[in-house]
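Residue numbers for the sequence shown follow the working numbering, beginning at 2 and rising by one.
First comes the structure, then the notes that go with it.
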Amino acid sequence: MNLNRRHLTYFLTASLGALMLLAVPVVRAAAEGPDEMIRRLSNEVLNNIKADKDVQRGDLSKVTAFVDSKVMPNVNFTRMTASAVGRNWRQATPEQQKRLQEEFKSMLVRTYAGALSQVKDQTVDVKPLRAGAADTEVIVRTEVIGRGEAVQVDYRMEKTATGWRIYDLNVLGIWMVETYRTQFAQEISARGIDGLIATLAQRNKN
């Protein structure tokens with residue numbers, strides 16, 4: 002990402018919180034509004050991260066297990082990956098789409114694992130939701146508050162039959178999916194879809 006170190010630290014820490022806040026059983030999420038879900042989960046999940054020293058140290062196996070069991074069921078990751086890949090997603094075969102999701106998830110987990118040590122005394126302030134009762138897509142706006150300046154984190158969420166799901170997030174004015182879409186488009190233009198998969202796989206090995 003084209004961010005300086007200070008902004009990268011904010012982005013990783015706040016993005017981590019943004020994704021981890023979604024750790025909730027699906028059956029409970031169905032009855033909650035998107036802002037209510039974020040508000041209830043913020044303290045629960047941040048406290049869990051602080052209490053698990055292995056996760057906080059960035060133990061990749063522990064972080065991956067946490068993401069798989071708690072986060073992924075509450076994220077529309079197919080939509081997130083498809084949006085990041087852009088129009089090229091429709092040209093990908095089912096197997097390529099599967100590989101793209103796997104490698105994209107691994108890259109995000111590895112990226113955020115290094116930011117877990119930043120989670121200390123943060124709290125999350127959920128802003129009033131500006132949406133109608135019938136809306137099925139909303140933006141939930143929050144601020145992550147710590148010892149330094151507050152960091153704005155916005156979530157793009159969609160309503161599904163089993164509850165609200167996140168499919169993009171904005172930290173410091175930067176939408177995550179749009180940032181990756183630019184990078185992925187350049188890679189696909191140069192090396193094709195298989196080239197992007199290979200690049201992500203290689204990055205995940207480092």
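All C-beta atoms in this analysis are idealised placements derived from N, C-alpha and C, irrespective of residue type, glycine included.
Cβ pair residue i, residue j closer than 8 Å
i    : j    : result
G147 : D122 : yes
A135 : F105 : no
N89  : I194 : yes
R100 : I198 : yes
D36  : L173 : no
V56  : V68  : no
Q97  : T82  : no
Reference residue i; option with closest CA among the options
i    : options                : result
A212 : Q203, I50, V141, N207  : Summary: the structure shown does not reach residue 212, with the chain confined to residues 2 through 207, and so no result is reported for it.
R80  : N207, K160, K71        : K160
N207 : V172, T112, S190       : T112
R157 : L101, V76, L109        : V76
I50  : A114, L201, E179, R182 : A114
G87  : Y181, A162, P95        : Y181
F185 : T143, M108, L170       : M108
F78  : S190, Q187, D169       : D169
M73  : R192, E179, I167, N171 : I167
M38  : W176, T200, D126       : D126
A151 : E188, A191, T124, T163 : T124
D60  : V110, I189, T163       : V110
Q119 : E179, G34, M177, K54   : K54
W165 : Q203, I189, T137, I175 : T137
DSSP beta-bridge partners of residue i
i    : result
E144 : D126, Q153
W176 : N171
W165 : K160
V56  : BP columns for V56 are empty, so no partner.
E138 : E159
V76  : I167
For residue j and residue i, believed in contact at Cβ under 8 Å, the rounded distance
i    : j    : result
V154 : V145 : 6 Å
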